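What follows is a set of notes on a single structure, which appears directly below.
Chains as they are written, first to last, in my numbering: chain A, 1 to 110; chain B, 111 to 225.
Okay, here's the thing in structure tokens:
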């Protein structure tokens, strides 16, 4: 099966940088996704990594190390609207399905 | 359509009744997922359809849950003899599928309340 671990909650200050970690175990790894989910809304796609390294997209960057089963999402210049849950998801396993972690609830404070 | 569409958006049902939840994926997407999300919790995988392959049903919590996908498009998730613990938001997502490295797009979900 697949196992995905991320911290439950984090708090960071507006304007700061925050790093949200995700560790995973899966067979047949075929990509890692980060999604953002505001309360009461559906998840929306943020980033995708399949090769080792850093992918940068504006204020958001995502890093992957396949050998370590590790990823992080980096959010820079935090804004109040970044308060949301951040979900790490891995594609893999025999069926190549996408499995989500339980999410990290980020609270941005003034 | 432009996005993944789910209906109904809200459903209140009495314990013991059957319910049917519908998902219209993005046209051309061959992969379709159902997830369940309880209040404040992460996404719990239920079932995955990929093209004409046999679905991965490993996440269905009991035999009261079933899903089908007709014509490789619309999917229906059926919950029989609903229980209060079935109350949750049921999310559907679709992807282009196959080995293409694409993200999943989510519908707005069906909020199911069993009373």
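Using N, Cα and C, we set each Cβ at its ideal position, and we do this for glycine too.
Just so it is clear, the structure is predicted and the values come from calculations on it, not from any experiment.
CB contact check: residue i to chain A, cutoff 9 Å
i, result
"residue 205(B)", "yes"
"residue 193(B)", "no"
"residue 217(B)", "yes"
"residue 177(B)", "no"
"residue 151(B)", "yes"
"residue 128(B)", "no"
"residue 158(B)", "yes"
"residue 170(B)", "no"
"residue 166(B)", "yes"
"residue 145(B)", "yes"
"residue 201(B)", "yes"
Chain B contact for residue i (CB, 9 Å cutoff)
i, result
"residue 43(A)", "yes"
"residue 146(A)", "With chain A covering only 1 through 110, there is no way to say anything about residue 146(A)."
"residue 96(A)", "yes"
"residue 72(A)", "no"
"residue 75(A)", "no"
"residue 101(A)", "yes"
"residue 16(A)", "no"
"residue 63(A)", "no"
"residue 24(A)", "no"
"residue 89(A)", "yes"
CB contact flag (residue i, residue j, <9 Å)
i, j, result
"residue 176(B)", "residue 134(B)", "no"
"residue 53(A)", "residue 60(A)", "no"
"residue 136(B)", "residue 114(B)", "yes"
"residue 116(B)", "residue 219(B)", "yes"
"residue 159(B)", "residue 45(A)", "no"
"residue 205(B)", "residue 143(B)", "yes"
"residue 106(A)", "residue 20(A)", "yes"
"residue 126(B)", "residue 192(B)", "yes"
"residue 110(A)", "residue 13(A)", "yes"
"residue 195(B)", "residue 224(B)", "yes"
Helix, strand or coil at residue i according to DSSP, with G and I counted as helix
i, result
"residue 147(B)", "strand"
"residue 92(A)", "strand"
"residue 23(A)", "strand"
"residue 121(B)", "strand"
"residue 194(B)", "helix"
"residue 114(A)", "This structure leaves residue 114(A) out entirely; chain A is present only between 1 and 110."
"residue 44(A)", "strand"
"residue 113(B)", "coil"
"residue 31(A)", "coil"
"residue 8(A)", "coil"
"residue 186(B)", "strand"
"residue 180(B)", "helix"
"residue 220(B)", "strand"
"residue 109(A)", "strand"
"residue 162(B)", "coil"
"residue 225(B)", "coil"
Integer-rounded CB distance, given that residue j should sit under 8 Å from residue i
i, j, result
"residue 212(B)", "residue 128(B)", "34 Å between Cβ atoms; not a contact."
"residue 200(B)", "residue 222(B)", "6 Å"
"residue 23(A)", "residue 69(A)", "6 Å"
Closer than 8 Å: residue i CB and nearest the ligand ZN heavy atom
i, result
"residue 106(A)", "Inclusion of the ligand ZN in the displayed structure is not the case, the ligand content being empty and no account of it being possible."
Q: Examine the Cβ distances between the segment 16–27 of chain A and the segment 37–48 of chain A and report whether three or more of them are shorter than 8 Å.
A: no
Q) Given 8 Å as the limit, is there contact between the segment 147–156 of chain B and the segment 93–105 of chain A, that is, 3 or more CB pairs closer than that? A) yes
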